[in-house]
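Q:
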Amino acid sequence: MNNVYDNILGLIGNTPMVKLNKVTNSIPAKVFAKLESCNPGHSTKDRIALHIIEDAEQKGLLQPGSVIVETTSGNTGFSVAMVSIVKGYDCVLAVSDKTKPEKIAYLKALGAKVYICPANVPADDPRSYYEVAKRIARETPNSIYINQYFNELNIDAHYLTTGPEIWEQTEGRITHLFGCTGTGGTLSGSAKFLKEKNPNIKIIGVDADGSILKGFHETGTINPLDIKPYQIEGMGKNLIPAALLFDQVDEFVRVNDEMSAYRTREIALKEAIMGGYTSGAVTQGLLQYANSHPISEDDVIVLIYPDHGSRYITKVYSDQWMAEQGFVNNCVHNYDEVFGT
Ligand code: PMP
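Just so we're aligned, residue 1 is where the sequence shown starts under UniProt numbering, counting upward by one.
(1) Beta strand (DSSP E) containing Leu61: first to last residue?
(2) Tell me the DSSP bridge mates of Lys202?
(3) What is the DSSP secondary structure of Phe150, counted as helix, strand or coil?
(4) CA-CA distance, Leu269 and Thr283?
(5) Given a threshold of 16 other Cβ atoms within 10 Å of its Cβ, counted over all protein chains shown, does Gln248 qualify as buried or as exposed?
(6) Output the boundary residues of the alpha helix (DSSP H) element that contains Lys237.
(7) Beta strand (DSSP E) containing Ile304: first to last residue?
(8) DSSP three-state call for Val249: helix, strand or coil?
(9) I'd like to confirm the pairing. Which residues does DSSP put opposite Phe32 in its beta bridges?
(10) Taking the alpha-carbon of Tyr106 as reference, which of Val328, Ala81, Thr140 and Asp124 has the nearest alpha-carbon?
(11) For a test of the three-state rule: what should DSSP assign to Val92, helix, strand or coil?
(12) Where does Asp307 land, buried or exposed, given buried means 16+ other C-beta within 10 angstroms?
(13) Where do the ends of the beta strand (DSSP E) carrying Tyr115 lie?
(14) Between which residues of its own chain and Ile273 is the CB-CB distance below 6 angstroms, once the five residues before and five after are set aside?
(15) Is Tyr149 buried or exposed, if buried means 16 or more other CB atoms sit within 10 Å of its CB?
(16) Is the separation between the beta-carbon of Leu302 and that of Leu177 shorter than 7 angstroms?
(17) Under 7 angstroms between the Cβ atoms of Ala94 and Thr76?
(18) In chain order, what residues of the same chain lie with their CB nearer than 7 angstroms to the CB of Lys134, ignoring the 5 residues before and after it?
(19) In this structure, how does DSSP classify Val4 when only helix, strand and coil are distinguished?
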């Protein structure tokens, strides 16, 4: 039988790439979006959930009914919950009390046990979601803590799958890889594989305006002045994740909430690709990079689109939300006017 799987986990990875035909027309190169939304959990995080849990199985750390613990309300939570169901484990997620009710409903629908923890306490407070997750993992026999920001298996998952897929899909012709960095795992693991194949491939990290990662890459120190609140979820940080291999990244570009939001909506309107907010951010990152770096028509550029736009209907795809942010061009359908192209 063809294209038939034993269970939903068989669909993880081997995601397609789609050429962008309009949004990046100002650039002479061929630009492709790698659609991580085509994973069954609709994001790149399916890869790390599967890899980390299967690694623990191989090490004999898990038995039927074991508990998988993580501290996310985002994409990793959905992926860990999905893998846990199929493999017969319990999934426990500690999330902040800022998490939207629909996300909690989604996680519960996938069988996760969700602990809601106060957001406004320091990370080392016993009530914080970090501490709650650590305590549950410590006190529960046969449990593992995914700990994606500090788990090298996060990098490994992409070194073993995302990187090789990109190399094969472009037949080794890729010249630039752009990825938003949260934990850094997607970009670092893919970069490590691709640079081993061809060290000339440029790896560009896209950081949020309000995050320290770009500054840290350039100076080796954390600049507290870089830290400010921002709206894009899943990328940027106010700590240095161990899953981000800074030496694999050639350069960081910093993008803001507003331009990334317009770009996300433009991609839906012009390419009919419903991406998440960071899909807009990574595309915005490329367009900013191209303003100050030569790009030729022989270049082959890959953008990683981490997740699906359906998760952002009440956010970046909502005119009301856009207006609340003061993003005044939110209803404009002629994006050439907005961007002045
Ligand atoms: N975009 C979104 C929507 C995400 O959820 C994440 C993961 N935090 C990223 C980008 C960045 O991926 P990574 O953690 O592998 O750097």
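Cβ atoms here follow ideal geometry from the backbone N, Cα and C, with glycine treated the same way.
Being a predicted model, the structure only gives us computed values, none of them experimental.
A: Let me spell this out:
(1) Counting from one through the sequence shown, the residue named residue 61 turns up at place 61. Looking at the DSSP string, Leu61 is not in any beta strand (DSSP E), and its letter there is neither H nor E.
(2) Taking the first residue of the sequence shown as 1, we reach residue 202 at position 202. Lys202 pairs with His176.
(3) Within the sequence shown, numbered from 1, the residue matching residue 150 stands at position 150. Helix, per DSSP.
(4) What you label residue 269 is simply residue 269 of the sequence shown in a count that begins at 1. What you label residue 283 is simply residue 283 of the sequence shown in a count that begins at 1. Rounded to whole angstroms, Leu269 to Thr283 spans 14 angstroms at the Cα level.
(5) Along the sequence shown, one-based indexing puts residue 248 at 248. Result: buried.
(6) Taking the first residue of the sequence shown as 1, we reach residue 237 at position 237. No alpha helix (DSSP H) holds Lys237; DSSP gives it neither H nor E.
(7) Counted from its first residue, the sequence shown places residue 304 at position 304. Looking at the DSSP string, the run of the beta strand (DSSP E) that includes Ile304 is Val300 to Tyr305.
(8) Reading the sequence shown from its first residue, position 249 is the one you call residue 249. In this structure, DSSP gives Val249 a state outside helix and strand, which the three-state scheme calls coil.
(9) As a position in the sequence shown, residue 32 is number 32, starting the count at 1. Bridge partners of Phe32: Lys19 and Val302.
(10) For the purposes of this step, residue 106 is taken as residue 106 along the sequence shown, with counting starting at 1. For the residues Val328, Ala81, Thr140 and Asp124, the minimum Cα distance to Tyr106 belongs to Ala81.
(11) Here residue 92 refers to the residue found at position 92 when the sequence shown is read from its first residue. Val92: strand per DSSP, three-state reduction.
(12) Position 307 of the sequence shown holds residue 307. Classification of Asp307: buried, given that the 10 Å Cβ count is 16 or more.
(13) Sequence index remark: in the sequence shown, residue 115 carries index 115 (1-based). Element bounds for Tyr115: Lys113 to Cys117.
(14) Sequence index remark: in the sequence shown, residue 273 carries index 273 (1-based). Only Ile267 meet the Cβ criterion.
(15) Position 149 of the sequence shown, counted from the first residue, corresponds to residue 149. That one is buried.
(16) For the purposes of this step, residue 302 is taken as residue 302 along the sequence shown, with counting starting at 1. For the purposes of this step, residue 177 is taken as residue 177 along the sequence shown, with counting starting at 1. First, the residue type needs correcting, since residue 302 is Val and not Leu in the sequence shown. Contact flag set, yes.
(17) Here residue 94 refers to the residue found at position 94 of the sequence shown. Here residue 76 refers to the residue found at position 76 of the sequence shown. Contact: no.
(18) One-based indexing of the sequence shown puts residue 134 at position 134. Around Lys134: Tyr145.
(19) Sequence index remark: in the sequence shown, residue 4 carries index 4 (1-based). Here Val4 sits in coil by DSSP.
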